[in-house]
Amino acid sequence: MSEVRLRRGELGPPGPEVPRLVTNAQHRVVVSWHKLAVLVEFEDALFRTNSAVVLPGGEAPIQGRSDQRRTTAGLAATCLRYGEEHPSEKVFVFGHADTKGTASVNQTLSQYRAECVAAVLMGDRQRFAEICATWKRMRVSDYKQILKWVAETWDWDCDPGTIDDHHTAHTTEALNTFRRLYNEQGPGSTWAPRTPLWGEATQKETWVAYFNMYEEALAEALGETFAGVSALRSRLPYLRPDRFVGCGESHPREAVNRDEYASQTNRRVEVTFFEPSELPQLPCHPADGPCAAEACDLYDDARYQRRVLPPMLTAKRWRARWDETEVCQGQSRRLVVDAPGLPPGEAMTFEVTQEGFGPIAEIETTSGEELVEAEFDEWFHGPAVRYSELGAHDPFPIVRYTFVVRGAGREVKSANTVVYADFLDVVISEDGERMTDHPYVLCSPWGRRTGARTDADGRVREERLPPGGVGLFLDENTILSFDQTME
């Protein structure tokens, strides 16, 4: 089912025109009284109370949402791939805290949380380490959880045991084992500088090493080389040069107006995307001043609708294409999506668009193993036709088709187009004599062309005709009417 969004400002008299609704299909027309913000929530990659460290994944699922054990790598991959698939949208990062502690402390903490996530999105390992490698902004349980994640993900012998805030001799052993294996088997043995084998838990080189493990997980989630990840990052357009802000405890998800409330749900970072026409002003966050929550436009429910984007089932690069690039009447073409990481049985929707008009058809299907396919043959769409009178040498319009596939959290456009290129090739004769150099008129739903003449063999050869068939007129009489390709 397609969705058409109309803004409140479009509802004045005589009313909005919605010319692109497809016949024989279901549509949902949404009248939006708000601007729209689409956000990816870093909430299951939990932030502990009084910590700015973005963890690799949740130690435990959020209560009531046990199916959403999201990872930092998976969420960051969703952000980067979404940015690639929606290149016109701007992005900004908002950090949040619960009310455990003072408002001023939580304001600073939320700022660091937002910056920590922004560092992951931008690939800024040095800033990540500067934020995290201090007891002011991290806890023992943070690096214990990172070490356990590394042990489980790479099968390294660096599991620190119980995740708590007690640094024991076993914790030191796990930490030093991580450093050794990082240099022997991990990034320190290939693409990254080696890390010191001993040192305090606050050693910045060790936190750079943690970040590099995040990087390997991110590249795996995206199915990209490090160069490919860097390219995705470079194409992510930020709303403002500062890229992130901290909102403190100003916009809680639960326990509104309750102080000293430790909330896993309120401890979050939101990576938020905006269409160019729906950018927030953020007067609450002047570039040179503190947060002024009462002036916020984004978290004003009367102004913005905030829609949470679920993590992509797979953030690996998909390739959408037509199987061939030309078509004639009576022929079908396959819509093909090579979709690494996509499991079978996922509901998917193709939307076919005629260039210069808009969507003309929808096809619902289910995915195969890393593949989505459908066939399409309904090339003529009456509302898309624009009739015109043509001279002898004027071509009929070239009609092209693209498509977009949606599903599994993805929206991917076809890399190529199909050109409708019908043709007509007939010889005109009268009483056995070929009618050479004779004027004829060619009529199509797209227009009427006059002044053309048969060739020296009495032949009419017309190419790249648009969909809908043609009629051939000679001496004001209909000679032939074609509703299918004919030679």
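In our numbering, the protein residues as written are 891 to 1377.
From the three backbone atoms N, C-alpha and C, an ideal C-beta is built for every residue, glycine too.
Asked                                                                                                 : Found
Candidates R1276, A966, M1103, P1249: closest to E1160 by CA position                                 : A966
Beta-carbon separation (whole angstroms), A1298 vs T1204, contact threshold 8 Å                       : 7 Å
Integer-rounded CB distance, given that P1234 should sit under 8 Å from K1206                         : Not really, about 16 Å apart at Cβ, beyond 8 Å.
Length-filtered (4 minimum) alpha helix (DSSP H) runs lying within the segment 1046-1131              : 1059-1074, 1094-1112, 1116-1124
Check whether R1332 and E1352 have beta carbons under 8 Å apart                                       : This sequence places Leu at residue 1332; Arg is not what is there. A contact, by the Cβ cut-off of 8 Å.
Among P1329, V1308, R1290, L1232, nearest to R1296 - alpha-carbon criterion                           : L1232
Cβ of I1318 within 8 Å of any chain D Cβ                                                              : The chain labelled as chain D is not found in the depicted structure, where only one protein chain is given.
Close beta carbons around W1088, own chain, < 7 Å, minus the five adjacent residues each side         : N1066
Closest residue to A1023 among D1054, E1095, T1062 (Cα-Cα distance)                                   : E1095
Proximity to G973 [Cα-Cα], best of V943, L945, L929, G948                                             : L929
R1211 versus T1255: straight-line alpha-carbon distance, rounded                                      : 16 Å
For K980, the first and last residue of its enclosing beta strand (DSSP E)                            : 980-986
Delimiting residues of the beta strand (DSSP E) encompassing D1315                                    : 1312-1317
Where I1253 sits in the DSSP three-state scheme                                                       : strand
Sequence-distant residues of its chain with Cβ nearer than 7 Å to N1102 (five each side left out)     : R1015, P1077, A1082
Buried or exposed (CB count within 10 angstroms, at least 16 for buried), D988                        : buried
Cβ neighbours of S1000 in the same chain (closer than 6 Å, five flanking residues each side left out) : G985, H986, A987, G1136, C1137, G1138
Buried or exposed by the 16-neighbour rule on C-beta atoms within 10 Å, applied to N1306              : exposed
Proximity below 8 Å, CB of C1048 to CB of A1059                                                       : no
F1163 versus V1217 - alpha carbon distance                                                            : 38 Å
Extent of the continuous beta strand (DSSP E) run through M1238                                       : 1237-1244
Residue span of the beta strand (DSSP E) that contains T998, given as start and end                   : Segment 993-1012 is the alpha helix (DSSP H) holding T998; no beta strand (DSSP E) there.
Straight-line Cα distance separating V1289 from Q1075                                                 : 55 Å
Spatially closest choice to V921 from V1227, Q1195, G1361, by CA coordinates                          : Q1195
Exposure of D1321, with buried meaning 16 or more beta-carbon neighbours within 10 Å                  : exposed
Integer-rounded CB distance, given that V1198 should sit under 8 Å from E931                          : 6 Å
E1015: first and last residue of the uninterrupted alpha helix (DSSP H) it sits in                    : It is worth fixing the name first, because residue 1015 is Arg in this sequence and not Glu. Start and end: 1015-1022.
R1158 versus N1073: straight-line alpha-carbon distance, rounded                                      : 33 Å
Beta-ladder partner(s) of D1190, from DSSP                                                            : D1190 pairs with nothing; no bridge assigned.
Contact under 8 Å by Cβ, V1098 with A1019                                                             : yes
Complete runs of the beta strand (DSSP E) confined to the segment 1270-1324 [at least 3 residues]     : 1278-1280, 1289-1297, 1300-1303, 1308-1310, 1312-1317
Cβ-based neighbour list, D1054, same chain, cut-off 8 Å, excluding 5 preceding and 5 following        : V1030, S1031, K1034
C-beta atoms of A1342 and Y1330 nearer than 8 Å                                                       : yes
For T1204, the three-state DSSP class (helix, strand or coil)                                         : coil
Strand pairing of E1263, partner residues [DSSP]                                                      : V1226
Residue environment, W1025, which counts as buried when at least 16 other CB atoms sit within 10 Å    : exposed
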